[in-house]
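Enquirer:
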Amino acid sequence: MIALLVRDLRLAIRAGGGFGLGLAFFLLVAVLVPLGVGPEGGLLAKIAPGILWVGALLACLLSLDRIFALDFEDGSLDLLATAPIPLEGVVAIKALAHWLVTGLPLTLVAPLLGVLLNLPLTGHGWLVLSLFLGTPALSVIGAFGAALTVGLKRGGLLLSLLVLPLYVPTLIFGAEVVKRGAAGLSVEAPLLLMSAITLGSAAALPFAAAAALRINLR
Amino acid sequence: MMPDLGKYAVPVLGSYGATLAILAVLIGVSVWRHARVKRALTEAEARRARAENGGK
Amino acid sequence: MSIWEYANPKKFSETAARILPVVAPLSALTLLVGLIWGFFFTPDDYKQGATVKIIYLHVPSAMMAINAWGMMLVTSLVWLIRRHHVSALAARAAAPIGLAFTLIALVTGALWGQPMWGTWWAWDPRLTSFLILALFYLGYIALWQAVENPDTAADLTSVLCIVGSVFALLSRYAVNFWNQGLHQGASLSLDKEENVSDVFWLPLLVCIAGFILLFVSLVLLRTVTEIRLRRLAVIEARERVE
Chain W
0 MIALLVRDLR LAIRAGGGFG LGLAFFLLVA VLVPLGVGPE GGLLAKIAPG ILWVGALLAC
60 LLSLDRIFAL DFEDGSLDLL ATAPIPLEGV VAIKALAHWL VTGLPLTLVA PLLGVLLNLP
120 LTGHGWLVLS LFLGTPALSV IGAFGAALTV GLKRGGLLLS LLVLPLYVPT LIFGAEVVKR
180 GAAGLSVEAP LLLMSAITLG SAAALPFAAA AALRINLR
Chain A
0 MMPDLGKYAV PVLGSYGATL AILAVLIGVS VWRHARVKRA LTEAEARRAR AENGGK
Chain Y
0 MSIWEYANPK KFSETAARIL PVVAPLSALT LLVGLIWGFF FTPDDYKQGA TVKIIYLHVP
60 SAMMAINAWG MMLVTSLVWL IRRHHVSALA ARAAAPIGLA FTLIALVTGA LWGQPMWGTW
120 WAWDPRLTSF LILALFYLGY IALWQAVENP DTAADLTSVL CIVGSVFALL SRYAVNFWNQ
180 GLHQGASLSL DKEENVSDVF WLPLLVCIAG FILLFVSLVL LRTVTEIRLR RLAVIEARER
240 VE
């Protein structure tokens, strides 16, 4: 399993498109939004939590189809499906690899973008924590969507349509954590709920994704 | 006969109008599709019957 | 005599052909009676004025929007477990109906809220939940269209329906949480304390019955269409080979 993880990580970093793209997109969102809504500091501070979370969400979306598509096309996915590790494990490892390459870098870079968007300093810690706990959910849910659409030729747009509604709970609770944290209010409820979604998804969705992969590999 | 809707005429009539329009499209498309497929299937089965009889 | 007899496409189609001429006119009649009763023969609400008449459209369509998804969930499970094609096709048939009901719920909900909130759209938790439900329906329908092999499509959409149901429920709670700050007072239904008197309740029941019958009629009709489409595809495939 570790070998699979290392292999996927190496592929993602080497193949150019995977690694920097999500981060660049995240930065773009943080630059474009103020250009769109105006530079007024108060307004930006108010919408910063939401913008940062939506940006993270969209950035994760970008590299989702690469989770399975490349292996599907060259036949490696068939081999992985018949390998000694359970397919559910393969899904989990691939989702983890996706998170390490997309969600985690986003989480680390987020405070800088928070500064751009005038996020109050009190919010930065909560921003990093919420992204750290929430982006794994985005990777796992995204892996499920990718498994559903792996056989399709131009499944990218359909993948977004399928996955974005599934992202809604994580988005709502994640942004709430940052909003309430920045205002000094209690973040217990959204934080626990978001973490529950992440843990629940990580536990259950690999099974659904593996089922979808098996259907597509028939 | 028509009740006095007062200032609420637009929301109320708009709701009824939009609902009827959406239902009309839904029912219309469903019925049209049903008829089209029924026709195509009858033709296809007639073709198959002719082909089978012709081969014998 | 069990319900599984209707898993046979032929038996289903024959039974549908016998039931539809009864159910369809009945649904039209029920809807007409309910809507005319509600629109012309009920008083205005003392708080909401004439907009209360929208309830006869909004509540039944919202209920059916949810019930349609519930039916799709059950038929998806039946397909995955018992592999009855009729079940998968019924789910496929029901989706556009559910989407239409969701749209009706959204439009009537927005219009109902307009006099109260002053805007043509408000991010009320219930409306927002239905907007998200509409997205779930769209994704489900799109997946059916995108996958070529019918059995693969049936399998994938069934899995999506199941996972989607869980997240739809989660979204419902998340959206309620999200909207806690705003005007809680403006809810889109008659208060229990206020006016659940028979004068509104009875025509509403008739409208709900009408919408249920409409749903049943359309599902029967559309499922038969899907069954025939499949048969047509088989014949055409055979013709191409010969």
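Heads up: the sequence lines are chains W, A and Y, in that order. 170 is the number that numbering that gives the first Met the number 0 gives to position 171 of the first sequence; each next residue is one higher, with no gaps. 33 is the number that numbering that gives the first Met the number 0 gives to position 34 of the second sequence; each next residue is one higher, with no gaps. 99 is the number that numbering that gives the first Met the number 0 gives to position 100 of the third sequence; each next residue is one higher, with no gaps. Beta carbons: idealized from backbone N, C-alpha and C, even for Gly.
For chain A, is any of its Cβ atoms less than 7 Å away from the one on Val106/Y?
Expert: The count along the third sequence starts at 1 and reaches residue 106/Y at position 107. Val106/Y counts as touching chain A.
Enquirer: Does Gly48/Y come out as helix, strand or coil in the three-state DSSP assignment?
Expert: Translated into the one-based positions of the third sequence, residue 48/Y becomes position 49. In the structure shown, Gly48/Y sits in a strand (DSSP, three-state: E or B).
Enquirer: Identify, in the order they occur along the chain, each residue of the same chain with its Cβ nearer than 7 Å to the Cβ of Leu4/W, setting aside the five sequence neighbours on each side.
Expert: One-based indexing of the first sequence puts residue 4/W at position 5. So the qualifying residues of the chain are Ile92, Leu95 and Ala96.
Enquirer: What does the alpha-carbon distance come out to for the pair Tyr139/Y and Gly74/W?
Expert: The residue given as residue 139/Y occupies position 140 in the third sequence. The residue given as residue 74/W occupies position 75 in the first sequence. Using only the alpha carbons, I get a separation of about 27 Å.
Enquirer: Given this structure, state the Cα-to-Cα distance separating Val223/Y from Ala99/Y, to the nearest angstrom.
Expert: For this step, residue 223/Y is matched to residue 224 along the third sequence. For this step, residue 99/Y is matched to residue 100 along the third sequence. The straight-line gap from Cα to Cα measures roughly 19 Å.
Enquirer: Enumerate in chain order the residues of its own chain whose CB-to-CB distance from Asp208/Y is below 8 Å, with the five nearest sequence positions on each side excluded.
Expert: Numbered from 1 along the third sequence, position 209 holds the residue referred to as residue 208/Y. Per the sequence shown, residue 208/Y should be read as Ala rather than Asp. Thr29 and Gly33, listed in sequence order.
Enquirer: Find the residues of chain A that neighbour Glu13/Y, judging by a C-beta separation of less than 9 Å, and give them in chain order.
Expert: The residue you call residue 13/Y lines up with position 14 of the third sequence. Going along chain A, no residue has its Cβ under 9 Å from Glu13/Y, so there is no contact; the nearest lies around 14 Å.
Enquirer: On the DSSP letters alone, give me the boundaries of the alpha helix (DSSP H) that Thr41/Y sits inside.
Expert: Counting from 1 along the third sequence, the entry for residue 41/Y is found at position 42. From DSSP, Thr41/Y is part of no alpha helix (DSSP H); its letter is neither H nor E.
Enquirer: Mind checking whether Ile53/Y and Trp111/Y have CB atoms under 7 Å apart?
Expert: By 1-based counting over the third sequence, the position of residue 53/Y is 54. By 1-based counting over the third sequence, the position of residue 111/Y is 112. Yes.
Enquirer: Could you tell me the alpha carbon to alpha carbon distance between Val198/Y and Leu228/Y, rounded to whole angstroms?
Expert: In the third sequence, counting from the first residue as 1, residue 198/Y sits at position 199. In the third sequence, counting from the first residue as 1, residue 228/Y sits at position 229. C-alpha separation (whole angstroms): 46 Å.
Enquirer: May I ask which residues mark the beginning and end of the alpha helix (DSSP H) holding Trp250/Y?
Expert: The displayed coordinates of chain Y run from 0 to 241. Any statement about residue 250/Y would go beyond what the structure contains.
Enquirer: What separation, rounded to the nearest whole angstrom, lies between the Cα atoms of Tyr166/W and Leu42/W?
Expert: Within the first sequence, residue 166/W is the residue found at index 167, counting from 1. Within the first sequence, residue 42/W is the residue found at index 43, counting from 1. So the two alpha carbons sit approximately 25 Å from each other.
Enquirer: With 7 Å set as the bound, which would you pick, yes or no: does the beta-carbon of Ala45/A sit closer than that to a beta-carbon of chain Y?
Expert: The residue given as residue 45/A occupies position 46 in the second sequence. Answer no: the Cβ-Cβ gap between Ala45/A and chain Y never drops below 7 Å.
Enquirer: Nearest to Thr169/W by alpha carbon, out of Trp98/W, Leu130/W, Asp64/W and Leu99/W?
Expert: To locate residue 169/W, count along the first sequence from 1; it is residue 170. It is Leu130/W.
Enquirer: Could you please give the first and the last residue of the uninterrupted alpha helix (DSSP H) stretch that includes Asn178/Y?
Expert: Residue mapping note: residue 178/Y aligns to position 179 of the third sequence, counting from 1. Premise fails: Asn178/Y is in no alpha helix (DSSP H) and is neither H nor E.
Enquirer: For a test of the three-state rule: what should DSSP assign to Glu42/A, helix, strand or coil?
Expert: The residue given as residue 42/A occupies position 43 in the second sequence. Glu42/A falls in the helix class under three-state DSSP.
Enquirer: Using only the alpha-carbon positions, how far apart do Leu19/A and Leu212/Y sit?
Expert: Within the second sequence, residue 19/A is the residue found at index 20, counting from 1. Within the third sequence, residue 212/Y is the residue found at index 213, counting from 1. Using only the alpha carbons, I get a separation of about 16 Å.
Enquirer: How far does the alpha helix (DSSP H) with His97/W in it reach, from first residue to last?
Expert: Stepping through the first sequence from its first residue, residue 97/W is reached at position 98. From DSSP, the alpha helix (DSSP H) with His97/W extends over Leu86 to His97.
Enquirer: For Thr18/A, which of helix, strand or coil comes out of DSSP?
Expert: If you number the second sequence from 1, residue 18/A lands on position 19. Helix, per DSSP.
Enquirer: Would you say the stretch 187–205 of chain W touches the stretch 78–86 of chain Y, given that touching needs at least three Cβ pairs under 8 Å?
Expert: Contact between the stretch 187–205 of chain W and the stretch 78–86 of chain Y is absent, because fewer than three Cβ pairs lie under 8 Å.
Enquirer: Quick check on Leu19/A - is its C-beta less than 7 Å from some C-beta in chain Y?
Expert: Residue 19/A sits at position 20 when you count from the first residue of the second sequence. Not an interface residue.
Enquirer: Using a C-beta to C-beta distance shorter than 7 Å, which residues of chain Y count as neighbours of Ala39/A?
Expert: Taking the first residue of the second sequence as position 1, residue 39/A is located at position 40. In chain order: Leu231.
Enquirer: Evaluate contact between the stretch 148–160 of chain W and the stretch 53–69 of chain W, counting only Cβ atoms and requiring at least three cross-stretch pairs below 8 Å.
Expert: Flag = yes, the stretch 148–160 of chain W and the stretch 53–69 of chain W touch.
Enquirer: Would you grab the beta carbon distance between Ile226/Y and Leu88/Y for me? Rounded to a whole angstrom, and I think it's under 8 Å.
Expert: Within the third sequence, residue 226/Y is the residue found at index 227, counting from 1. Within the third sequence, residue 88/Y is the residue found at index 89, counting from 1. Between Leu88/Y and Ile226/Y the Cβ distance is about 6 Å, and since that is below 8 Å, they are a contact.
Enquirer: Please compile the residues from chain W whose C-beta is within a distance smaller than 7 Å of the C-beta of Asp154/Y.
Expert: For the purposes of this step, residue 154/Y is taken as residue 155 along the third sequence, with counting starting at 1. Those within 7 Å of Asp154/Y in chain W are Ile214.
Enquirer: Is the separation between the beta-carbon of Ile131/Y and that of Pro48/W shorter than 7 Å?
Expert: Counting from one through the third sequence, the residue named residue 131/Y turns up at place 132. Counting from one through the first sequence, the residue named residue 48/W turns up at place 49. In this structure, Pro48/W does not lie closer than 7 Å to Ile131/Y by Cβ.
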